[in-house]
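2 protein chains.
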Amino acid sequence: MTIELSDKVARNVPTLASIAERVGVSVNTVSRALRAPHTVRIELRRQINAAMEELNYVPNRLAGGLSGTRSDIVGVVVTSLYYSEFANIIDTLQSALLEHDLQVMLANTRYNADQELRLVRSILSWRPAAVAIIGVDHPPKVVELLKAADIPIIEMWDTGGEVIDTAVGFDHARVGAAQANHLIGQGYRRLAFVGSVRENDKRAQKRLSGLEAAAATAGLPDIVKHTAQQGGSPELGERLATELLERHPEIDAIACNSDVVAFGVLRALRKLGRRVPQDIGVVGFGDNEAASCVSPSLTTVRPDRERIGKLTAEAIVARINDAKSYTAPVEWELIVRESTVR
Amino acid sequence: MTIELSDKVARNVPTLASIAERVGVSVNTVSRALRAPHTVRIELRRQINAAMEELNYVPNRLAGGLSGTRSDIVGVVVTSLYYSEFANIIDTLQSALLEHDLQVMLANTRYNADQELRLVRSILSWRPAAVAIIGVDHPPKVVELLKAADIPIIEMWDTGGEVIDTAVGFDHARVGAAQANHLIGQGYRRLAFVGSVRENDKRAQKRLSGLEAAAATAGLPDIVKHTAQQGGSPELGERLATELLERHPEIDAIACNSDVVAFGVLRALRKLGRRVPQDIGVVGFGDNEAASCVSPSLTTVRPDRERIGKLTAEAIVARINDAKSYTAPVEWELIVRESTVR
DNA sequence: TGGCATAAAGTTACCGTTAACGCAACGATC
DNA sequence: GATCGTTGCGTTAACGGTAACTTTATGCCA
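Heads up: the protein sequence lines correspond to chains A and B, in order.
So for the first sequence, full-length UniProt numbering puts the first residue at 1; every next one is plus one.
So for the second sequence, full-length UniProt numbering puts the first residue at 1; every next one is plus one.
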């Protein structure tokens with residue numbers, strides 16, 4: 001479907017020229033009144049500002065961006081918007097960028113590689129000052145495009161891999177290991193992994209690897225995996241846990257790929273009459289706001305999302321100002337609650 | 001702080017001219033190969049595409065937008081990103097818009113009116129094809145700017161008030177009334193309202209009004225309000241509920257402004273030894289993904305966010321194509337769970 | 001074989017803004 | 001009083017792309 005603005009004629013938005021004409025100065029003087037106010041007589045400036053106010057003038061940044069060398073868009077590419085996974089990151093990132101007059105342009109790939117390529121291309125076409133993107137694992141063409149764009153690229157959330165430019169995040173394999181070691185420390189022996197693992201969710205796969213490695217190191221039997229491609233939800237968790245325990249009744253601990261899934265797992269266990277944490281331990285990931293409110297309260301891992309947002313903003317500004325690229329590790333914390341302490 | 005691109009010289013991103021030169025045709029032919037492929041010889045088109053691929057050419061939409069009459073940005077202004085409040089709306093909206101090659105530019109006002117003005121101005125400066133914004137209550141200057149922009153403006157989430165152009169949402173006062181009537185129907189008599197109500201959260205205020213009106217109609221005593229300006233969270237809910245019951249032990253039902261707050265209220269009641277739903281009923285708003293997973297499970301109101309996103313996208317496309325402005329009512333549902341059924 | 005429609009490419013102007021440069025008016029300097 | 005640096009503004013030329021128009025090549029028909 002093609003989309004066009006209705007009729008060109010009707011649109012009559014004011015330009016610098018409208019202001020200039022009204023005040024009786026050149027276009028450039030009006031531009032200067034905006035960009036370099038001190039170069040314009042205060043009295044004239046007042047007239048110009050009044051005219052702008054009156055006509056509801058809004059600068060055209062398409063033109064500004066094309067003409068000037070600077071851009072104030074920052075492209076932000078996330079893989080999901082559901083369930084607060086990255087919302088807090090975007091939130092802090094955006095408000096931090098606002099202080100530098102940088103505007104966020106958002107894209108959501110929904111864990112789809114084709115979509116990612118398309119969206120990155122689309123964002124780059126706006127000639128952003130920088131791009132922040134979730135993850136360090138991207139299709140080759142995406143990497144190529146991002147590199148060719150010749151702007152700061154900040155990869156967020158994950159640091160375990162090859163970085164294009166600058167990364168702000170943490171090593172997900174270690175998270176998985178921490179989950180496993182905690183469960184093992186509590187005496188659990190037959191571990192399972194449950195959740196929504198999208199094909200392109202490399203972070204989930206890394207956490208699983210960490211989990212498996214730690215279990216192997218401890219001499220435990222292989223971790224039983226039961227995952228699905230569809231998005232995470234309590235309903236999914238409930239289904240997966242039920243199916244899992246039907247096939248593997250020996251399981252005594254379940255690590256979930258997200259808290260939302262863990263909520264459903266807890267519900268399933270309640271229905272099956274398995275006591276948590278006595279019979280089965282459950283650990284989540286993400287520190288959903290409700291994790292402390294379900295019962296039993298959920299042991300989980302809290303990534304410092306606010307800090308990722310903040311550090312990403314800092315990295316963007318630093319890199320725009322020609323600082324060297326770097327990797328900023330971000331803390332995360334295992335929050336131990338009732339669901340794993342027996 | 002001023003931000004500039006490092007050194008103009010170093011940047012060497014390919015333009016249509018680079019492609020044209022390489023293939024040995026005019027700039028315009030390359031442009032046509034993109035915009036109107038059938039007007040270019042297939043053999044030549046192939047060469048052009050190859051050159052674009054090779055040089056990693058990405059069209060410059062600043063230039064395109066300035067030159068052409070169309071824009072494919074849709075500005076989306078939300079008041080919050082926390083706790084899935086609007087994340088699902090953005091998610092569906094974005095993927096629906098993607099099918100029409102429309103790109104989302106996101107802004108988050110955090111319930112701040114000054115910020116709203118600033119962000120709307122910033123978004124309009126990109127000459128978007130349309131703007132979607134949360135709520136129908138905006139500062140006068142914002143309304144003026146949006147009207148002057150002469151593009152489709154879709155107000156989402158709320159319909160109870162004066163609409164600029166087109167609205168997609170529901171009447172929040174009726175939600176409040178439904179909450180009250182449900183509680184009353186369950187035999188609760190001393191109602192309270194608890195939660196985070198930001199100064200500019202007109203929707204929360206409307207729900208409260210509906211709640212109060214329904215209580216008054218039923219001949220109940222005035223609703224006790226205990227709110228805070230800070231953002232909603234379980235911790236806030238816990239604190240507010242504790243303080244509330246200290247001062248008003250007679251309260252036997254609490255309506256919360258959001259589910260996240262309700263989660264904290266439930267926790268407070270557990271600590272205080274008040275049984276839910278027997279001693280006190282609790283109703284939330286928003287249908288947080290965990291609402292069915294806390295215990296007792298939470299009675300709440302589920303706004304159809306996916307539908308709002310979808311209908312907003314439809315409205316945008318329709319209005320861009322000159323359809324008349326309208327108001328689309330969106331369904332919501334009272335989900336009755338354990339927390340109010342005694 | 002001339003005339004004419006059509007296809008395929010080139011030319012030119014313009015979108016709104018900014019940067020570089022130019023120039024007049026004026027006060028300070030020696 | 002000629003020189004010079006400021007201040008304050010105007011002029012002009014981009015930025016990269018698109019649309020309207022023009023030109024050239026090609027095929028078809030009478």
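Don't be surprised by glycine CBs; every beta carbon is placed ideally from N, CA and C.
Helix, strand or coil for residue 295 of chain A per DSSP?
coil
Distance, Cα to Cα, residue 102 of chain B vs residue 292 of chain A?
39 Å
Boundaries (first-last residue) of the alpha helix (DSSP H) holding residue 148 of chain B
140-148
From residue 161 of chain A to residue 85 of chain A, what does the alpha carbon distance come to, in whole angstroms?
21 Å
Using 10 angstroms around the beta-carbon of residue 288 of chain B, count the other beta-carbons present and answer buried if the total reaches 16, otherwise exposed.
buried
What did DSSP end up calling residue 158 of chain A once you bin it into helix, strand or coil?
strand
Report the rounded CA-to-CA distance for residue 45 of chain A versus residue 167 of chain B, giving the unit in angstroms.
39 Å
From residue 312 of chain A to residue 239 of chain A, what does the alpha carbon distance come to, in whole angstroms?
37 Å
Just checking: is the beta-carbon of residue 337 of chain B within a distance shorter than 9 Å of some beta-carbon in chain A?
no
What residues in its chain sit with their C-beta under 7 Å from that of residue 315 of chain A, if we drop five residues either side in the sequence?
154, 166, 168, 328
Reference residue 303 of chain A; option with closest CA among A:296, A:284, A:321, A:318
A:284
I want to know whether the region 104-124 of chain B touches the region 29-49 of chain A - three or more CB-CB distances under 8 Å.
no
DSSP three-state assignment for residue 185 of chain B, whether helix, strand or coil
helix
Simplified DSSP assignment, three categories, for residue 106 of chain A
strand
Which class does residue 62 of chain A belong to by DSSP, given the choice of helix, strand or coil?
helix
Does DSSP classify residue 226 of chain A as helix, strand or coil?
strand
So what does residue 334 of chain B bridge to, in DSSP terms?
B:301
On the DSSP bridge list, what partners appear for residue 281 of chain B?
B:253
Residue range of the unbroken beta strand (DSSP E) whose run includes residue 196 of chain B:
191-196
Terminal residues of the continuous beta strand (DSSP E) containing residue 273 of chain A?
Looking at the DSSP string, residue 273 of chain A is not in any beta strand (DSSP E), and its letter there is neither H nor E.
For a test of the three-state rule: what should DSSP assign to residue 263 of chain B, helix, strand or coil?
helix
Taking DSSP as the reference, what is the three-state secondary structure of residue 24 of chain B?
coil
Nearest-angstrom Cα separation, counted from residue 98 of chain B out to residue 2 of chain A:
Low confidence applies here, because residue 2 of chain A scores a pLDDT of 31, under 50, leaving its location unreliable and the question unanswered by this model.
Which value, in whole angstroms, describes the spacing of the CA atoms of residue 134 of chain B and residue 298 of chain B?
26 Å
Could you tell me which residues DSSP puts in a beta bridge with residue 166 of chain B?
B:154
Quick one: what does DSSP say residue 120 of chain B is sitting in, helix, strand or coil?
helix
If you draw a straight line from the C-alpha of residue 125 of chain B to the C-alpha of residue 92 of chain B, how long is it?
25 Å
Between B:230, B:317, B:50, B:342, which has its C-alpha nearest residue 279 of chain B's C-alpha?
B:342
Could you check whether the Cβ of residue 292 of chain A sits closer than 9 Å to any Cβ belonging to chain B?
yes
With DSSP as the reference, label residue 9 of chain A as helix, strand or coil.
Note that residue 9 of chain A scores 38 on pLDDT, short of 50, meaning its location in the model is unreliable; the coordinates nonetheless yield the value given after this. If DSSP states are grouped into helix, strand and coil, residue 9 of chain A belongs with coil.
Name the two residues that bound the continuous beta strand (DSSP E) containing residue 75 of chain B.
73-78
Which residues, taken in chain order from the region 275-301 of chain A, show a beta carbon closer than 7 Å to some beta carbon of chain B?
288, 289, 290, 292, 293, 294, 295
Taking the C-alpha atoms as reference points, what is the distance between residue 66 of chain A and residue 68 of chain B?
14 Å
My understanding is that residue 245 of chain A touches residue 264 of chain A, with C-beta atoms under 8 Å, so please give their C-beta distance in whole angstroms.
Contact doesn't hold; Cβ gap of about 13 Å is too wide.
Is there a Cβ of chain B sitting closer than 9 Å to that of residue 194 of chain A, yes or no?
no
To the nearest angstrom, report how far apart residue 146 of chain A and residue 171 of chain A are at their CA atoms.
22 Å
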